[in-house]
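Asks:
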Amino acid sequence: MSMPPNSADAGTGSGTGSATGPDVIVIGGGLHGCSAAFHIASAGRKVLLLERDVIARHASSASAGGVRRLFRHPAEIPLTMASLELWHAMKDMLGDTGDFRPTGQLRVAETEEEMARLEARVKLTRSMGYDHEVLVDRKRMFEIAPALGPQCLGAIHVERDGYAFPYKSTLAFRNAAAKLGADIREGVGVRGIVRDGGRWKVDTNAGEFAAPVLVNAAGAWGARIAEMVGERVPLKALALMMMVSARMPHFLDPTVGTLGRQMSFKQMQSGAVVVGGGHRGTPDLDTGITQLDFRKLKTSADTIGGVFPIMRKAEIVRAWAGIEGCTPDDIPYIGPSRTHDGLYHSFGFCGHGFQLGPIVGSITAELITKGRTNLPIEPFRIDRFGPDPDAVSWEASRAA
Amino acid sequence: MTSAPDLAIVGAGPAGLAAAIEGARLGLAVALYDEQPEPGGQIFRAAESVAAGKGAPLAAFGADYAEGPQLVARFRASPAAAGYMPRTTIWLLDRQRTLGHVQDGKARMLRPKRVLIATGAQERPVPLPGWTTPGVMTVGAAQGLMKSAGQVPEPPFALCGSGPLLYQFAAQLVAAGERRFTVLDTTPKGRWARALPFLPGALRDTDLLLKGLGLMQKVRMAGVPVLRHVRDVAVHGNGRVEHVTFRHGNHLGELPVQLLLLHQGVVPNVSLSLSVPLRHVWDAAQRCFRPALDAWGNSDVAGIAVAGDGGGIGGWQAATAQGELAALEAAHALGRIERAERDRQAAPIRARLKTALAARGLIDTLYAPPPLAALADATIVCRCEEVTAGQVRAAIAMGDTNPNAVKSRTRAGMGPCQGRMCGLTVSELVAHARGLPPDAAGTYRLRPPIKPLPVAVLADLDTSAVEEEEDAT
Ligand SMILES: Cc1cc2nc3c(=O)[nH]c(=O)nc-3n(C[C@H](O)[C@H](O)[C@H](O)COP(=O)(O)OP(=O)(O)OC[C@H]3O[C@@H](n4cnc5c(N)ncnc54)[C@H](O)[C@@H]3O)c2cc1C
Ligand SMILES: Cc1cc2nc3c(=O)[nH]c(=O)nc-3n(C[C@H](O)[C@H](O)[C@H](O)COP(=O)(O)OP(=O)(O)OC[C@H]3O[C@@H](n4cnc5c(N)ncnc54)[C@H](O)[C@@H]3O)c2cc1C
């Protein structure tokens, strides 16, 4: 995939800014904000990115960095397939790989019942016309990941997937955007937004900024930004926890998840093992501080010792949590506002938006500059839960 | 201890011991944790063993050290001794006061009513060319070995750096009969002139000042070569230190050694307080971060206080006073004593604290560390991950605007020590490159466990005390 043509579309789509002001203001300097800033700047628009803290302070540096198409929600599959191609083209696109390492992804079954679920899953994706998920038997699984415990029965393997260093990937987009002239500001928090004629006036701790187009990429705070313009949506902030071990001798290449237990697991090139799996601490959206819950990390420690016996001897040197926004149906909000012109949302990635970063920024840029995208984003509509977020049943949405 | 203690104290140095004794006197159920096998902290390390004739002779450590066994004996006689847990490492403390400890391979969590952080000081890292070569260690570490194991370094060796501990240890070596070493004092010329305005303050505690000068005299009189105003120190050796080079006046010096002991003063050990996280401020005089505290040692998090060097370097006498004040405040907060009673009992302690701190301005000015901006690119900053000053600067040039960003990119601070050895350096390098004060540049975010925890130990973590507490509320 080649780089989007520079400034070819400037002047089409939504209105452009004044001679001096930006065309587009992006709120949020995580992976999604930086990717949007890059793609919009690539299309020749003048971008101002406002980040309240520092670039990649939240989910985008806390992330496990799994570049995973495996086991995606059906609505996300077209996007995840396109995004992977961008990950492989990162060097050409940004001049920086973002430290992407395509060492594969594996999802392991530990019981017969789980094995049956893996089989059903592969049948489903095949029926949709995708063949990236491959069922492997026990023998093949141990060839791919010999350190797995003897109870493991088989797996889905996805080649060309892998992992990247979340901070470096985000900075790669940030730096590429800055090279194209995007103005990136740290320590500038958005406090209020008003529509004034054809322009958004954005009030911040560092004064007022204005532009005709606004992108909301504020992660777990995205619903707060949307609410500033009266667009109320359901979003929960979760503090997803991770742990990392001291360096270990090399024993594993792919990123491994288990179907039955909460675990995502990878060994980095340094030898350190990074463990996640969606165990939750407590977030505080006002301060950005997270608190870990070691009762759940205890469970996590028990799990990794069971799945990878070699880990029983490992030492945990650090744990952390990142704040992520989650929606009732576990897929993000992507696309135009349904109440205002010139506003585009891209937030609430539910713990799996890292892999989607490259493509969603490109979709947002297309929407702004061309007014359309070829990828199916209807399932991610901002208004899919209706006007009253408090009336939404999270259980029912998830089950659907 | 089964039920949650009223006051849990982390660190059994002068601050923690004084707080424990005072807390128990005021009727509090006290728990005191320390990873060391004996109470006493840094200065009074192994005080009981030394007093009992194990380790090096007591006399070697000077008059101050002799106070150690007395403080420890008072603690042993106090009801607080029942709550003492040696060889116990605190690896977790959060804003709900959830405290995690591990002793003999068994980890537990509990939630005390109040927590006092009394984790003391650590030596300021001295990044200079070759400082990670085997055979280089800190003066404090060597002193610890002498206290706990009676171990005196093998000549030829040298002490190098600046700060009160340098001459104190040199004097202790002389007292122990060892003179075959060299002191390379890196305190720059002209420091005394700059420190002099602080003299009136220091004179209120002439005792301490004279003690300092006396130590230097004692070392010189014993015939130990002392080179002053030494600059540009570098360590050389193939897999092991062989010699050090330096500038002394107009000369290039070279000294064969098999051991080099570095020292550049001490800074608060903020691993635990940063991990909570408590709010920290930059102390420009001491060139370090310390938790923001009120006059009772209270932090910005309810029920968590800090006493002793962990809250800012003040020495052991200040530490005991701060420990007692924190205990009074705990007793008041838990309804054991009235406000007026707390203040009345605090008055004489505050007077002691003032005297103890009188010489700080002088010491801080005299021994201010050299600016890190001049650090050579090739010098290692993070020992665990072997990251150089040049790599840190390159990361800043690539857009990393804060220490956590530098950490993410370079892995500096990601090793098992979690940045204890490089945190200050990286904060200062970022601050310098961006023309900001270090507090604007910020610190590493530290995360529990602040000390490595084996997976098997974590999997077997006992959380029952916290579950019970939550069920009850
Ligand atoms: C622990 C963890 C593990 C994960 N593992 C994976 C994985 O393996 N694979 C995967 O695909 N995904 C994973 N994810 C999810 C993925 O990391 C996130 O979906 C993605 O990083 C979200 O990026 P973002 O830009 O939307 O959010 P963020 O990175 O959180 O960025 C939002 C930014 O907006 C800023 N902001 C908020 N309010 C304002 C305001 N008012 N003004 C200005 N700025 C503001 C915030 O400061 C923040 O920097 C994981 C997430 C976590 C937390
Ligand atoms: C290496 C070194 C040597 C020193 N030697 C001298 C000296 O000889 N003379 C002198 O006047 N001053 C000396 N000082 C300064 C001296 O430490 C202080 O002035 C004084 O000891 C401060 O007392 P404190 O109670 O605040 O802390 P400390 O005496 O340092 O006590 C802190 C205690 O906390 C414990 N601790 C820390 N973290 C944890 C944790 N996570 N879990 C469990 N326990 C923990 C430590 O084991 C230690 O025992 C030295 C400092 C250092 C760093």
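Protein chains in written order, with my numbering: chain A, 1 to 400; chain B, 1001 to 1473.
Glycine residues also receive a C-beta, built at the ideal position from the N, C-alpha and C atoms.
Let me see if you follow: with CB-CB separation under 8 Å, is Met1001 (chain B) close to chain A or not?
Replies: Its pLDDT being 44, under 50, Met1001 (chain B) is placed unreliably by the model, and the measurement read from it follows with that caveat. For Met1001 (chain B), the answer is no, since every Cβ of chain A falls outside 8 Å of its Cβ.
Asks: Helix, strand or coil for Cys1160 (chain B) per DSSP?
Replies: Note: Cys1160 (chain B) maps to strand in three-state DSSP.
Asks: Is there a C-beta anywhere in chain B that falls below 8 Å from the one on Ala246 (chain A)?
Replies: Answer yes: the Cβ-Cβ gap between Ala246 (chain A) and chain B drops below 8 Å somewhere.
Asks: Excluding five sequence neighbours on each side, which residues of the same chain lie with their C-beta closer than 6 Å to the C-beta of Arg318 (chain A)?
Replies: Closer than 6 Å at Cβ, skipping near neighbours: Val244.
Asks: For Ser270 (chain A), report the span of its beta strand (DSSP E) as first-last.
Replies: First-last for Ser270 (chain A): undefined, no H or E at that position.
Asks: Please classify Gly1239 (chain B) as buried or exposed, where buried requires at least 16 other C-beta atoms within 10 Å of its C-beta.
Replies: The residue is exposed, with fewer than 16 neighbouring Cβ atoms inside 10 Å.
Asks: Does DSSP classify Ile1009 (chain B) as helix, strand or coil?
Replies: Looking at Ile1009 (chain B) - three-state DSSP - the assignment turns out to be strand.
Asks: Taking 8 Å as the CB-CB limit, is Ala10 (chain A) close to chain B?
Replies: Residue confidence is low: Ala10 (chain A) scores 34 on pLDDT, short of 50, so the model does not pin down where it sits. No coordinate-derived value is stated.
Asks: For a quick check, are the C-beta atoms of Arg45 (chain A) and Thr369 (chain A) less than 8 Å apart?
Replies: In this structure, Thr369 (chain A) lies closer than 8 Å to Arg45 (chain A) by Cβ.
Asks: Starting from the C-beta of Glu51 (chain A), find all residues in its chain whose C-beta is less than 6 Å away, skip the five residues before and the five after it, and write them out in chain order.
Replies: Only Gly29, Glu186 meet the Cβ criterion.
Asks: For Glu183 (chain A), decide whether its Cβ has a neighbour in chain B, counting only Cβ atoms nearer than 8 Å.
Replies: Position check: residue 183 (chain A) holds Asp in this sequence, whereas Glu was assumed. No, Asp183 (chain A) does not count as interfacial toward chain B.
Asks: Based on DSSP bridge pairs, tell me the residues matched to Trp320 (chain A).
Replies: Its beta-bridge partners are A:Met242.
Asks: What does Val1426 (chain B) reach in chain A if we use C-beta pairs closer than 7 Å?
Replies: Near Val1426 (chain B) there are no residues of chain A at all, since even the closest Cβ is about 15 Å away, more than 7 Å.
Asks: Output needed for Ala217 (chain A): all residues of its chain with C-beta closer than 7 Å, excluding positions within five of it in sequence on either side, in chain order.
Replies: For Ala217 (chain A), where only same-chain residues beyond five positions count, the Cβ hits under 7 Å are Val26, Ile27, Gly28, Gly30, His32, Gly33, Ala36, Ser346, Phe347.
Asks: Taking only runs of the beta strand (DSSP E) that begin and end inside the stretch 1264–1305 of chain B, which ones reach a length of at least 3 residues, in chain order?
Replies: The qualifying runs are 1266–1268, 1280–1283, 1288–1291.
Asks: Assuming Leu1031 (chain B) is part of the beta strand (DSSP E), what are its boundary residues?
Replies: Looking at the sequence shown, residue 1031 (chain B) is not Leu but Ala. Unbroken beta strand (DSSP E) run through Ala1031 (chain B): 1030–1033.
Asks: What whole-angstrom Cβ distance do Glu1038 (chain B) and Glu1048 (chain B) have, given they're in contact under 8 Å?
Replies: Yes, they are in contact, since the Cβ atoms of Glu1038 (chain B) and Glu1048 (chain B) sit about 5 Å apart, within 8 Å.
Asks: Across the stretch 1169–1179 of chain B and the stretch 1272–1279 of chain B, are there enough close Cβ pairs to call them in contact, namely three or more that are closer than 8 Å?
Replies: At 8 Å Cβ cutoff, the stretches do not touch.
Asks: Report the start-end ranges of each alpha helix (DSSP H) in the stretch 157–212 of chain A that is 4 residues or longer and not cut off at the edges.
Replies: Complete alpha helix (DSSP H) runs here, min 4: 166–179.
Asks: Look at the Cβ atom of Leu86 (chain A), then the Cβ atom of Leu1458 (chain B), and state whether they are nearer than 8 Å.
Replies: No, the Cβ-Cβ distance between Leu86 (chain A) and Leu1458 (chain B) is not below 8 Å.
Asks: Residues of chain B with CB closer than 9 Å to the CB of Ser270 (chain A), please, in chain order.
Replies: Chain B residues near Ser270 (chain A): Glu1385, Arg1411, Met1414.
Asks: Count Cβ pairs between the stretch 1311–1318 of chain B and the stretch 1334–1347 of chain B that sit closer than 8 Å; are there 3 or more?
Replies: No, the stretch 1311–1318 of chain B does not touch the stretch 1334–1347 of chain B.
Asks: Helix, strand or coil for Cys326 (chain A)? Go by DSSP, reduced to three states.
Replies: Strand, per DSSP.
Asks: Measuring from the CB of Trp200 (chain A), is there a heavy atom of ligand 1 at a distance below 7 Å?
Replies: It does not: the Cβ of Trp200 (chain A) is nowhere closer than 7 Å to a heavy atom of ligand 1.
Asks: Could you give the distance in angstroms between the alpha-carbon of Leu235 (chain A) and the alpha-carbon of Cys1160 (chain B)?
Replies: Cα to Cα, the separation comes out at about 58 Å.
Asks: Which of helix, strand or coil does DSSP assign to Glu1468 (chain B)?
Replies: In this structure, Glu1468 (chain B) counts as helix in the three-state DSSP scheme.
Asks: For Ala1170 (chain B), count the other beta carbons within 10 Å of its own beta carbon; 16 or more makes it buried, fewer makes it exposed. Which is it?
Replies: Label assigned to Ala1170 (chain B): buried.
Asks: By the DSSP assignment, the beta strand (DSSP E) with Trp1091 (chain B) in it spans what residues?
Replies: Segment 1088–1093, the beta strand (DSSP E) holding Trp1091 (chain B).
Asks: Considering only the beta carbon of each residue, do Gly1310 (chain B) and Gly1323 (chain B) sit closer than 8 Å?
Replies: Against a cut-off of 8 Å, the Cβ pair of Gly1323 (chain B) and Gly1310 (chain B) comes out as no contact.
Asks: Tell whether a beta-carbon distance below 8 Å holds between Arg195 (chain A) and Ala239 (chain A).
Replies: The answer is no: Cβ separation not under 8 Å.
Asks: Determine the DSSP secondary structure at Ser1078 (chain B), reduced to helix, strand or coil.
Replies: Residue state, collapsed to three classes: coil.
Asks: So with Cβ pairs under 8 Å, would you call Leu1447 (chain B) a contact of chain A?
Replies: One detail in the question is off: residue 1447 (chain B) reads as Arg in this sequence, not Leu. Answer yes: the Cβ-Cβ gap between Arg1447 (chain B) and chain A drops below 8 Å somewhere.
Asks: Against Gly305 (chain A), what residues of chain D qualify as contacts under a CB-to-CB distance less than 8 Å, listed in chain order?
Replies: Considering every chain present, this structure includes no chain D. Its protein chains are A and B.
Asks: List, from N- to C-terminal side, the beta strand (DSSP E) runs of 3 residues or more that fit wholly inside the stretch 1232–1268 of chain B.
Replies: Qualifying beta strand (DSSP E) stretches, in chain order: 1243–1248, 1251–1256, 1259–1264, 1266–1268.
Asks: List the residues that DSSP assigns as beta-bridge partners of Leu1446 (chain B).
Replies: Note: Leu1446 (chain B) sits in no beta bridge, so no partner.
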